[in-house]
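Asks: Here's a structure for you.
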Amino acid sequence: MSQQKSALEKLMDERKSVRKYEPGVTIPRETIQHILQQATSAPSSSNLQPWRFLVIDDQEQKKELRIAGFNQEQIETSSAIIAVIGDIEMYKNAKQINDLNVELGYMPREIADMMISNSEASYSNFSDAERSNIAHLDSGLISMQIVLLAKDMGYDTVIMGGFDKAAFAKRYELPANEVPMILIAIGKAAMPARNSSRLPFDQIIRFSS
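Under our numbering, the first residue of the sequence shown is numbered 372, with each subsequent residue one higher.
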């Protein structure tokens, strides 16, 4: 007997990677801001929230970005590109984050102080590459929330990891601690996205005993 799907399960089914967008569709910046703000409920390593966002909705900049994006059409025709950027010095925000946790009553002072001390001590000893790997993971987590929230609001998306990240960082003058991770195109689909198959479930799951 099949179980009736929840609203979330239906939303996940409906979300597809869309690469053909209706050109000329404008999404209000307030709407994009709302999506991103809600998406920040995503988990992150030690709650350090390394994600940063650069929203590109200027048509000429999108056209320019298409070159760095290996000529992917959706970069130019989508309503906006949300660049998810990772702050690899995320540990420097540990005090701000955990002080606010105390202020909001989410944790006692002694726990916050321990979190601050541990984060600053451990993350500062990681290499840039190790912190970049952490930021990549956390960027993936929040990107999934972004695309589901967008779909829930009637917009389509596609996540892109393939683009010239060095060229992007240079074009937008990113500081050394900010590393481009992901581009998300958002807009209105010009045609239905194709379905895609999944591996048999019994091929991808096993229990330890």
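All residues carry an ideal CB built from backbone N, CA and C; glycine is no exception.
Since this is a predicted model, take the numbers as computed values, not measurements.
Hey, quick one: how far does the beta strand (DSSP E) through Arg423 stretch, first residue to last?
Replies: Taking the sequence shown and counting its residues from 1, the one referred to as residue 423 is at position 52. Per DSSP, Arg423 belongs to the beta strand (DSSP E) from 422-427.
Asks: Starting from Thr448 and walking both ways along the alpha helix (DSSP H), at which residues does that stretch end?
Replies: The residue you call residue 448 lines up with position 77 of the sequence shown. 444-448 is the span of the alpha helix (DSSP H), which, as asked, contains Thr448.
Asks: Using the C-alpha atoms, what's the distance from Met515 back to Met372?
Replies: Taking the sequence shown and counting its residues from 1, the one referred to as residue 372 is at position 1. Taking the sequence shown and counting its residues from 1, the one referred to as residue 515 is at position 144. A caution first: Met372 carries a pLDDT of 49, below 50, which makes its placement in the model too unreliable to give a value.
Asks: Bridge partners for Asp458 per DSSP, in chain order?
Replies: Within the sequence shown, numbered from 1, the residue matching residue 458 stands at position 87. Paired residues: Glu549.
Asks: Less than 8 Å separating the beta-carbons of Ile456 and Arg423?
Replies: Translated into the one-based positions of the sequence shown, residue 456 becomes position 85. Translated into the one-based positions of the sequence shown, residue 423 becomes position 52. Contact flag set, yes.
Asks: Do you know how far the Cα of Pro479 is from the Cα of Gly533?
Replies: Your numbering for residue 533 matches position 162 in the sequence shown. Your numbering for residue 479 matches position 108 in the sequence shown. Whole-angstrom Cα-Cα distance: 43 Å.
Asks: Can you tell which of Asn566, Met486, Glu393, Thr402 has the C-alpha that lies nearest to the C-alpha of Ile517?
Replies: The residue given as residue 517 occupies position 146 in the sequence shown. The shortest C-alpha separation from Ile517 is found at Thr402.
Asks: Would you please state the rounded distance, in angstroms, between the beta carbons of Leu461 and Tyr494? I believe it to be under 8 Å.
Replies: Numbered from 1 along the sequence shown, position 90 holds the residue referred to as residue 461. Numbered from 1 along the sequence shown, position 123 holds the residue referred to as residue 494. It is worth fixing the name first, because residue 461 is Met in this sequence and not Leu. With 8 Å as the limit, Met461 and Tyr494 qualify as a contact, their Cβ atoms being about 7 Å apart.
Asks: Quick one: what's got a C-beta closer than 8 Å to Ala439's C-beta in the same chain, skipping five residues either side?
Replies: To locate residue 439, count along the sequence shown from 1; it is residue 68. Here the set comprises Phe534, Asp535, Ala538, Phe539, Arg542.
Asks: Have a look at Glu549 and Met485 and give me their C-alpha separation to the nearest angstrom.
Replies: Within the sequence shown, residue 549 is the residue found at index 178, counting from 1. Within the sequence shown, residue 485 is the residue found at index 114, counting from 1. Distance between the alpha carbons of Glu549 and Met485: 26 Å.
Asks: Assuming the contact rule is C-beta atoms closer than 8 Å, Gln445 and Arg390 should be a hit. Round their C-beta distance to whole Å, please.
Replies: Looking up residue 445 in the sequence shown gives position 74. Looking up residue 390 in the sequence shown gives position 19. Right, their Cβ atoms sit about 5 Å apart.
Asks: So within the stretch 449-535, which uninterrupted beta strand (DSSP E) runs reach at least 3 residues, ignoring any that extend past its ends?
Replies: Here the runs fully enclosed are 451-458, 527-531.
Asks: If you compare alpha carbons, which of Gln432, Ser388, Ala506, Ser490 is closest to Ser567?
Replies: Locating residue 567 in the sequence shown gives position 196, counting from the first residue. Of the candidates Gln432, Ser388, Ala506, Ser490, the one whose C-alpha sits nearest the C-alpha of Ser567 is Ser388.
Asks: Report yes if the CB atom of Val529 is closer than 8 Å to the CB atom of Ala556, and no otherwise.
Replies: For the purposes of this step, residue 529 is identified with residue 158 of the sequence shown, where counting begins at 1. For the purposes of this step, residue 556 is identified with residue 185 of the sequence shown, where counting begins at 1. Yes, Cβ-Cβ distance for Val529 and Ala556 is below 8 Å.
Asks: Measure the alpha-carbon distance for Ile452 versus Ala465 and round it to whole angstroms.
Replies: Reading the sequence shown from its first residue, position 81 is the one you call residue 452. Reading the sequence shown from its first residue, position 94 is the one you call residue 465. Their backbone Cα atoms lie some 29 Å apart in a straight line.
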